[in-house]
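A.B. asks: Please read through the structure below; I'll follow up with questions.
Protein chains: 2
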Amino acid sequence: MPRRSNVKTQPSQSEPTILDVARKARVSKSLVSMVIRGDDGVSPKNREAVLNAIEELNYRPNAIARSLVERRTRILGVMISDLRNPFFGDVVSGIQIRAEELGYRVLFNTGDCVPKLEEAAIESLLELRVDGLILAAPRVDDPIIERAGRVLPVVVLNRDTSATHSDSVTNDNIAGAGLAVEHLAGLGHTRIAHIDGGGGAGASVRREGYLRAMRRLGLGDHILTVEGAFTENGGYRGACELLKSAPLPTAIFAANDISAIGALRALEEAGLRTPADVSVVGYDNTSLAALHQISLTSVQQFGTDNGRLGVECLVERIEGKRSTPRHEVHAPTLVVRSSTGPPPNEPKTLS
Amino acid sequence: MPRRSNVKTQPSQSEPTILDVARKARVSKSLVSMVIRGDDGVSPKNREAVLNAIEELNYRPNAIARSLVERRTRILGVMISDLRNPFFGDVVSGIQIRAEELGYRVLFNTGDCVPKLEEAAIESLLELRVDGLILAAPRVDDPIIERAGRVLPVVVLNRDTSATHSDSVTNDNIAGAGLAVEHLAGLGHTRIAHIDGGGGAGASVRREGYLRAMRRLGLGDHILTVEGAFTENGGYRGACELLKSAPLPTAIFAANDISAIGALRALEEAGLRTPADVSVVGYDNTSLAALHQISLTSVQQFGTDNGRLGVECLVERIEGKRSTPRHEVHAPTLVVRSSTGPPPNEPKTLS
DNA sequence: GCGCCGTACTGGAACGTTCCATCTTGCAAC
DNA sequence: GTTGCAAGATGGAACGTTCCAGTACGGCGC
């Protein structure tokens with residue numbers, strides 16, 4: 008079967024460019040560019056002609072080419088450490104909404120909590136020349152953040168960092184942990200234990216907040232911490248560890264909601280009732296805590312607000328409105344639900 | 008305070024380019040390009056020189072410029088309808104991992120379940136010239152998908168579409184609904200009601216699956232459906248509606264896990280026990296269903312697998328390995344937990 | 001010594017925009 | 001009728017890469 012060649016079988020396989028529009032509208036490419044960008048100073052007649060041509064050709068501006076010449080992408084890069092944690096669902100939502108409002112696109116990424124992968128994820132965003140970077144509870148080392156901060160604006164969410172160039176949005180973990188401990192102490196608990204977040208972002212600060220609050224309330228002798236993680240299993244393992252102590256703690260402050268839920272499971276499996284035998288407090292006040300079946304007392308930090316504020320900090324920097332670091336610290340609040348109550352009258356010990 | 012000007016205060020405010028590297032290594036820009044892309048045919052001496060220069064200058068390739076000339080971005084665009092639903096956490100995770108393996112970046116986006124916003128989100132990805140598009144349970148109209156499919160490869164996840172150009176990955180919602188109904192009927196239930204997903208993707212198919220299964224099992228007379236949504240509130244409202252009927256249904260099949268959880272709340276508030284008075288089945292088998300406090304029987308679809316497979320379909324198309332549509336339909340399974348049991352001996356009616 | 005080949009390397013064009021300096025034109029002012 | 005000016009329109013350079021056609025040159029066969 009002979010193939011006819013040179014018969015312009017494909018008028019234009021690739022998408023139309025500004026040049027095609029210009030030809031069709033019988034104007035220069037510059038004029039088309041002006042219309043697209045909404046410049047005034049284009050005659051109504053030509054504007055109309057250009058718009059028609061765009062419509063007919065189904066033309067779509069090429070953001071890549073535009074970014075190259077403008078030397079900015081209008082994209083905010085976002086590295087999320089843990090996509091499974093519903094807290095970050097809130098954060099992402101806040102970021103997305105505010106970025107949209109301010110005229111930026113958002114490029115999400117994750118490194119699955121593995122420092123090396125997170126580093127690669129960040130690198131990949133840098134190669135794309137995003138205009139700014141949001142790191143949500145990153146697990147990477149400070150120098151990595153520092154180095155990124157030398158190239159573009161960086162905002163770190165929900166994690167302390169020594170990186171001097173960058174902004175940060177956190178909640179006051181010390182105060183948050185204090186709220187949890189004070190609430191429990193106020194209910195009459197003394198043996199209040201803490202399951203920490205392992206190596207997770209913010210874990211050590213919450214731990215510190217727990218320690219300080221315990222000492223402040225004169226409960227220094229009852230301090231008891233075990234290692235956990237920001238996961239259901241981490242909380243489960245931590246609680247199992249606690250169950251070995253005698254007498255048992257009457258209250259547990261877990262590093263976040265997910266781990267608190269793991270702790271609840273461990274307690275139930277051990278035949279202990281919540282809150283009659285052991286009270287439990289989480290952190291983040293995620294949608295999980297609010298679920299009626301779980302009804303977990305939790306320290307609230309406002310994920311959506313964090314995301315929103317992070318975007319605002321970033322855009323301030325990108326648009327050169329500010330060049331000094333800004334460190335936003337939110338005051339957490341406590342949401343009391345039915346996982347906490349007064350301690351049992353007589354101390355429990357697991358048989 | 009006089010300002011000294013022209014003192015070359017900023018040797019190079021902007022990031023180094025391939026040209027800077029070439030100058031430093033005393034070779035041509037082409038050679039640098041070859042080294043970066045891993046071309047062989049570069050003498051060891053020059054390769055070394057280039058690598059050193061890259062290191063010293065802290066050079067980072069500009070993906071934007073590369074994309075422009077290569078006319079591809081190596082980015083997969085992903086529009087997620089609902090970031091809050093943990094099911095999509097799984098999907099995203101699968102997408103991210105597989106894309107990484109195949110050498111693509113991922114750009115996430117959402118339209119918050121609002122068709123108009125979703126359309127804008129898709130448009131924004133198209134302007135970025137992503138190499139392919141994954142739409143996870145989109146709410147936009149078919150023509151929108153169809154139109155996108157004419158410009159680039161599109162894969163639709165978890166939603167039926169009439170768009171002929173695009174691939175899709177779904178689970179067999181008809182069969183899944185059948186599993187739920189059969190399970191309940193097998194336990195002895197006859198009055199099995201359905202809370203549907205409203206206008207959500209896949210909602211009408213699950214509804215149809217429910218209807219067919221009921222008829223097939225000879226329960227056509229007991230068919231009872233109410234309108235819900237793929238949200239906790241949707242399930243709650245739907246269940247409240249069902250509670251008005253007499254006699255009450257002894258089992259509820261909800262359109263997804265979140266709405267099932269909402270239904271559970273409504274039942275509990277009405278003083279009904281689960282599963283003693285009313286059994287409940289969800290759909291998706293999200294991490295929520297597995298939570299021990301909720302322990303929801305649920306139809307499992309494998310979000311991670313869907314994401315992974317979606318990426319594979321897309322990449323096949325992008326790389327020209329296939330040009331005929333591929334429609335992957337997975338068989339769902341049922342995960343039985345403690346939200347389902349035999350019906351009560353005597354029919355309940357709400358006083 | 002000449003031609004030839006293969007290896008290593010190079011410069012220019014291209015990708016699709018934006019931006020700037022410049023050009024054209026029509027009209028008001030004198 | 002000339003000048004001046006503003007509004008409108010335009011071509012070319014630039015952005016930072018990749019790719020291609022080509023150059024330089026050393027060595028080999030005869």
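Residue numbers (this note's numbering), protein chains in the order written: chain A, 8 to 358; chain B, 8 to 358. Where is the CB? At the ideal position from N, CA and C, for every residue including glycine.
1. When burial is assigned at 16 or more other CB atoms within 10 Å of the CB, is T331 of chain B buried or exposed?
2. Since T304 of chain A and T347 of chain A are thought to touch, with beta carbons under 8 angstroms apart, how far apart are those beta carbons, to the nearest angstrom?
3. Using the three-state DSSP reduction, which class does F95 of chain B fall into: helix, strand or coil?
4. At the level of alpha carbons, what is the spacing between P68 of chain B and T177 of chain B?
5. Which one of B:E153, B:H172, B:L298 and B:H337 has the shortest CA to CA distance from G314 of chain B?
6. So for S19 of chain A, helix, strand or coil by DSSP?
7. Helix, strand or coil: how does DSSP classify V113 of chain B here?
8. Tell me the DSSP bridge mates of M86 of chain B?
9. Let me see if you follow: with CB-CB separation under 9 angstroms, is Q103 of chain A close to chain B or not?
10. Buried or exposed: where does H334 of chain B fall if 16 or more other Cβ atoms within 10 Å of its Cβ makes it buried?
11. Using the rule of at least 16 other Cβ atoms within 10 Å of the residue's Cβ for burial, across every protein chain shown, is A106 of chain B buried or exposed?
12. Taking Cβ to Cβ, would you say V233 of chain A is nearer than 9 angstroms to D264 of chain A?
13. Count the other CB atoms, across all protein chains shown, that sit within 10 Å of the CB of G216 of chain B; report buried if there are 16 or more and exposed otherwise.
14. May I have the straight-line CA-CA distance separating N180 of chain A from L164 of chain B, to the nearest angstrom?
15. Distance, Cα to Cα, R198 of chain B vs D228 of chain B?
16. Which residues does DSSP pair with R304 of chain A in a beta bridge?
17. Going by the beta-carbon positions, is the gap between R214 of chain A and G183 of chain A smaller than 9 angstroms?
18. Looking at chain A, is there any beta carbon in it that lies within less than 9 angstroms of the beta carbon of F115 of chain B?
19. Using a Cβ-Cβ distance cut-off of 9 angstroms, determine whether A160 of chain A contacts chain B.
20. Tell me the start and end of each unbroken alpha helix (DSSP H) in the region 188-273 of chain B that is at least 4 residues and wholly inside, in chain order.
21. Looking only at its own chain, which residues have a Cβ that is under 7 angstroms from the Cβ of D149 of chain A, when we skip the five neighbours before and after it?
22. Distance check for M221 of chain B and F260 of chain B, CA to CA, integer angstroms please.
23. Taking the continuous alpha helix (DSSP H) assigned at T311 of chain B, which residues delimit it?
24. Closer than 9 angstroms, CB to CB, is A184 of chain B near chain A or not?
25. Classify D46 of chain A: buried if its beta carbon has 16 or more other beta carbons within 10 angstroms, exposed otherwise.
26. Residues in the same chain with beta-carbon distance under 7 angstroms from I61 of chain B, minus the five sequence neighbours each way, listed in chain order, please.
27. In the DSSP output, which residue or residues are listed as bridge partners for N69 of chain B?
28. Check whether the Cβ atoms of S286 of chain B and L226 of chain B lie closer than 9 angstroms to each other.
29. Please go through the same chain and pick out, in chain order, the residues whose beta-carbon is closer than 6 angstroms to the beta-carbon of G118 of chain A, but skip the five residues on each side of it.
30. Within a Cβ cutoff of 8 angstroms, which residues of the same chain sit near L140 of chain B, ignoring the five residues on either side of it in sequence?
31. Would you list the one or two residues that DSSP bridges to S175 of chain B?
32. List the residues of chain A whose Cβ lies closer than 7 angstroms to the Cβ of Q308 of chain B, in chain order.
33. Compare the C-beta of N69 of chain A against all C-beta atoms of chain B and say whether one is closer than 9 angstroms.
34. If distances are taken between C-alpha atoms only, which option among A:K251, A:A70 and A:C120 comes closest to L135 of chain B?
35. At a CB-CB cut-off below 7 angstroms, which residues of chain A make contact with V99 of chain B?
36. If you draw a straight line from the C-alpha of G207 of chain B to the C-alpha of G96 of chain B, how long is it?
C.D. replies: Reading off the structure:
1. exposed
2. 4 angstroms
3. helix
4. 38 angstroms
5. B:H337
6. Confidence in S19 of chain A is poor, its pLDDT being 42 and thus under 50, which makes the residue's placement unreliable; the coordinate value appears in the next sentence. DSSP places S19 of chain A in coil when its eight states are reduced to three.
7. strand
8. B:N116 and B:L142
9. yes
10. exposed
11. buried
12. no
13. buried
14. 39 angstroms
15. 9 angstroms
16. According to the sequence as given, residue 304 of chain A is Thr; it is not Arg. Partner(s): A:V288.
17. no
18. yes
19. According to the sequence displayed, residue 160 of chain A carries Pro and not Ala. It does not: the Cβ of P160 of chain A has no partner Cβ on chain B nearer than 9 angstroms.
20. 210-223 and 239-249
21. T168, S169 and A170
22. 12 angstroms
23. G310 to I325
24. no
25. exposed
26. V28
27. Its beta-bridge partners do not exist; DSSP assigns none.
28. no
29. L124, E125 and A128
30. L83, G84, V85, M86, I129, L132, L133, A155, L159, P160, V161, V162 and L321
31. B:V163 and B:H334
32. By Cβ distance, chain A contributes nothing, its closest Cβ being about 17 angstroms from Q308 of chain B, past 7 angstroms.
33. yes
34. A:A70
35. L90
36. 17 angstroms
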